[in-house]
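Just so you know, the protein sequences line up as chains P and R, in that order. Count the first sequence with my numbering and you get residues 29 to 403, in order. Count the second sequence with my numbering and you get residues 258 to 448, in order. Cβ coordinates follow ideal geometry from the N, Cα and C atoms, glycine included. The next block holds one structure in the form of structure tokens; read it before the comments.
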Amino acid sequence: MPEAKPVLMQGNEACAVGAINAGVRFYAGYPITPSTEVAEQMAAMLPEIGGVFIQMEDEIASMAAVIGASIGGMRTLTATSGPGFSLKQENLGYAIMAEIPCVVINVQRMGPSTGVPTAPAQGDVMQARWGTHGDHPIIVFSPASVYESYYLTIAAVNLSQKLRQPVIVLLDEVIGHMREKVLIPEGKLMVEKTSDKQVPHDWKPYDDKGLTPLVPFGFGHYYHVTGLFHDQYGFPTGDPMQVERALDRIHEKLVKYRDEIILTNYIGHKEPRVAIVTYGCTVRSARAVVKKAYWQNRLPVGLLSLQTIWPFPEKEIEALAKQADVIIVPEMNMGQLVGEVERFARGEAKVVPLNRYDGEMINPDQISEEVGRWL
Amino acid sequence: MGNRQEILLTGAGGQGLILASIVLAAAAVDDNKNVVQTQSYGPEARGGASMAGVIIDVDTIEYPKVTKPTVLLCMNQTSFNKYLPKVGPDCLIIADSTFVSGPHSDEYKVQAFPITRSAKDELGREVVANMLALGVINAASGLIDREIFRNSIFKFAPRGSGELNQQAFDLGYRLFEEGSGQNNEASAQTP
Chain P
29 MPEAKPVLMQ GNEACAVGAI NAGVRFYAGY PITPSTEVAE QMAAMLPEIG GVFIQMEDEI
89 ASMAAVIGAS IGGMRTLTAT SGPGFSLKQE NLGYAIMAEI PCVVINVQRM GPSTGVPTAP
149 AQGDVMQARW GTHGDHPIIV FSPASVYESY YLTIAAVNLS QKLRQPVIVL LDEVIGHMRE
209 KVLIPEGKLM VEKTSDKQVP HDWKPYDDKG LTPLVPFGFG HYYHVTGLFH DQYGFPTGDP
269 MQVERALDRI HEKLVKYRDE IILTNYIGHK EPRVAIVTYG CTVRSARAVV KKAYWQNRLP
329 VGLLSLQTIW PFPEKEIEAL AKQADVIIVP EMNMGQLVGE VERFARGEAK VVPLNRYDGE
389 MINPDQISEE VGRWL
Chain R
258 MGNRQEILLT GAGGQGLILA SIVLAAAAVD DNKNVVQTQS YGPEARGGAS MAGVIIDVDT
318 IEYPKVTKPT VLLCMNQTSF NKYLPKVGPD CLIIADSTFV SGPHSDEYKV QAFPITRSAK
378 DELGREVVAN MLALGVINAA SGLIDREIFR NSIFKFAPRG SGELNQQAFD LGYRLFEEGS
438 GQNNEASAQT P
């Protein structure tokens, strides 16, 4: 084990350090509050290790640059916030369709539009899922601490490479700007090798036999890359059978590797009467409530925190709904993920939203009051 | 309150309070404690009022924002007026008498020290008032081992100014040991 020294680090910095430890060597972005520190950290670190940092003219171009570098064989990252995330959607869809790996960090701020740049919110949950058009798969992580920002970014880079699938790390202003003590192993690369130069002679860029490694452009194999529906070789097609097969193909890889993608954590009573389901910084307030209600007072209360919010942890919610009478879903928005929770609770538990959208964090008192109402 | 300490540093933008909170948090890490640091962003961080919070605990820290301060530093009159009513009677309140003229009431444990004035008069540099304030806070509260704190200050200081910042920290200790002008409005000066 490499030595791990405790350091004080910001959530945004942890994303940058995590990305670099996962082998990211290319960053293109356009700075925006509250994500700017990711760019700052990458700008400071990348040149020293032979990487590339480019500040592009806008978010659309940043996303395009990241996709280009990825298909050239680099591990890539970009970071933004709401308004920039909106601009990235078109190219993000392209990356999903053409199966080009990349990681996008979105540090959520209060929206819509330019909103309140420095206020935290969790309003981009549905945008992260459906921001780009068409039936597309997406992976979205939501860290609740500085350390989770670090390791979920590493997981994002590695999964993105393995599945050839863009991954979004959805922070909020609280986690992005907060400084916390973290243990980070020094000088250790957490790179999962996805492919080696040894690809089969009959390699096809979009082989329908399952996952195919990406061969960087110009490394012996020549292929076509397009956002149009394409056949196994990457050439455009409108043939209904091939179209359906291609769409199934990009979705099935996430289904097949579900267990590697879905990360959740349950704490509290074995058979809770009242359960809390939440993600991001709100997890911290919920954890404070469960600490008091369960550990100190032994009340039947539990917390399911979601590190992965998309694909949605359906099975986990189904199982929880069978145990709990009431599921409370605190979110710093007007109610986004609560709909999914309700869908997969399948009427087995009452699902109660708890929303705050004034640009302030949901505090433990608010959650505890709601929990008390149902006990 | 036990092991949990919540420190609120308040004043005007430009007084170095955000940096002070980061140095304090880093010192807590070096002293093997759990710590979370937060700060107010936005327009108030660019000129007007400035606020930073540090929570130090032996337990893990969940909710990251300061709710019940155990230590409050006020570096100007506006922040003193704003935050004094928000703290409990047990909170240790340290005011920079260079800018805070009171009112001091018996309800609160207010200790006033000429923080900025001493930095200027004795060290010739007003900018180290933030490190001086940390010295006063640590002397008054014993949050962090003094030597560990001094080393953390050295690490964060811009090149060549490590010793000056440590001197400021030590001067904070001296001010505290000499005693405060508690509840003494005559000791206060307007800038």
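As assigned by DSSP and simplified to three states, the class of residue i
i: N289(R); result: coil
i: M308(R); result: strand
i: S333(P); result: strand
i: D200(P); result: strand
i: N134(P); result: strand
i: W338(P); result: strand
i: H258(P); result: strand
i: Q423(R); result: helix
i: R382(R); result: coil
i: A47(P); result: helix
i: P342(R); result: helix
i: Q38(P); result: strand
i: N293(P); result: strand
i: A172(P); result: coil
i: R374(R); result: helix
i: K232(P); result: coil
i: Q351(P); result: helix
i: A107(P); result: strand
i: V243(P); result: coil
Chain-ordered neighbours of residue i on chain R, where CB pairs are closer than 8 Å
i: M206(P); result: V293, Q294, T295 and P321
i: N391(P); result: Y320, K322 and T324
i: S313(P); result: E319 and Y320
i: A321(P); result: Those within 8 Å of A321(P) in chain R number zero; the least Cβ separation is about 13 Å.
Exposure label - residue i; buried when at least 16 CB within 10 Å
i: A283(R); result: buried
i: E263(R); result: buried
i: A32(P); result: exposed
i: Q296(R); result: buried
i: L312(P); result: Position check: residue 312(P) holds Arg in this sequence, whereas Leu was assumed. Classification for R312(P): buried.
i: G39(P); result: buried
i: I77(P); result: exposed
i: W323(P); result: exposed
i: G345(R); result: exposed
i: H361(R); result: buried
i: T181(P); result: buried
i: V283(P); result: exposed
i: Y179(P); result: buried
i: M37(P); result: buried
i: L389(R); result: buried
i: M206(P); result: buried
Limits of the alpha helix (DSSP H) - the one that residue i falls within
i: F413(R); result: R403 to F413
i: R192(P); result: Unbroken run through R192(P): none, as it is neither H nor E.
i: Y122(P); result: G110 to A126
i: D86(P); result: Per DSSP, D86(P) belongs to no alpha helix (DSSP H) and is neither H nor E.
i: R53(P); result: Element bounds for R53(P): not the alpha helix (DSSP H) but the beta strand (DSSP E), V52 to G57.
i: G78(P); result: No alpha helix (DSSP H) contains G78(P), which DSSP labels as neither H nor E.
i: E359(P); result: Unbroken run through E359(P) is the beta strand (DSSP E), V354 to E359; no alpha helix (DSSP H).
i: K366(R); result: No alpha helix (DSSP H) contains K366(R), which is instead part of the beta strand (DSSP E) from K366 to F370.
Residue i versus the options, residue with shortest Cα-Cα distance
i: V357(P); options: R103(P), Q394(P), K281(P) and Q324(P); result: Q394(P)
i: E288(P); options: V168(P), V227(P), Q38(P) and R301(P); result: V168(P)
i: E359(P); options: K378(P), E346(P), E388(P) and A377(P); result: E388(P)
i: N186(P); options: E76(P), P264(P), H252(P) and Y285(P); result: Y285(P)
i: V315(R); options: L330(R), V292(R) and A309(R); result: V292(R)
i: F337(R); options: V384(R), S307(R) and K325(R); result: S307(R)
i: E346(P); options: K378(P), R326(P), L239(P) and A316(P); result: K378(P)
i: K412(R); options: L266(R), Y320(R) and A277(R); result: A277(R)
i: M362(P); options: F340(P), D152(P) and S188(P); result: D152(P)
i: H252(P); options: P194(P), T108(P), V94(P) and P233(P); result: P233(P)
i: E376(P); options: A42(P), L365(P), L211(P) and D353(P); result: D353(P)
i: Q335(P); options: F54(P), S177(P), G246(P) and M84(P); result: S177(P)
i: V45(P); options: A314(P), P145(P), A183(P) and A316(P); result: A183(P)
i: K380(P); options: D386(P), Q364(P) and P392(P); result: Correcting the residue type first, residue 380(P) is Val in the shown sequence and not Lys. Answer by Cα proximity: Q364(P).
Extent of the continuous beta strand (DSSP E) run through residue i
i: P381(P); result: K378 to N383
i: C309(P); result: Segment: none, C309(P) is in no beta strand (DSSP E) and carries neither H nor E.
i: A269(R); result: Q262 to A269
i: P213(P); result: R207 to P213
i: C328(R); result: It should be noted that the sequence gives Val, not Cys, for residue 328(R). Looking at the DSSP string, the run of the beta strand (DSSP E) that includes V328(R) is V328 to C331.
Under 7 Å from the C-beta of residue i: neighbouring residues of chain P
i: A282(R); result: L36 and R207
i: I410(R); result: Those within 7 Å of I410(R) in chain P number zero; the least Cβ separation is about 14 Å.
Cross-chain neighbours of residue i in chain R, by beta carbon under 7 Å
i: V202(P); result: P321
i: A316(P); result: E319 and Y320
Contact list for residue i against chain P, beta-carbon separation under 8 Å
i: V286(R); result: P34, V35, L36 and K209
i: I279(R); result: L36 and R207
Proximal residues of chain P, C-beta to C-beta of residue i below 9 Å
i: I350(R); result: Correct list: empty, because the minimum Cβ distance to chain P is about 23 Å.
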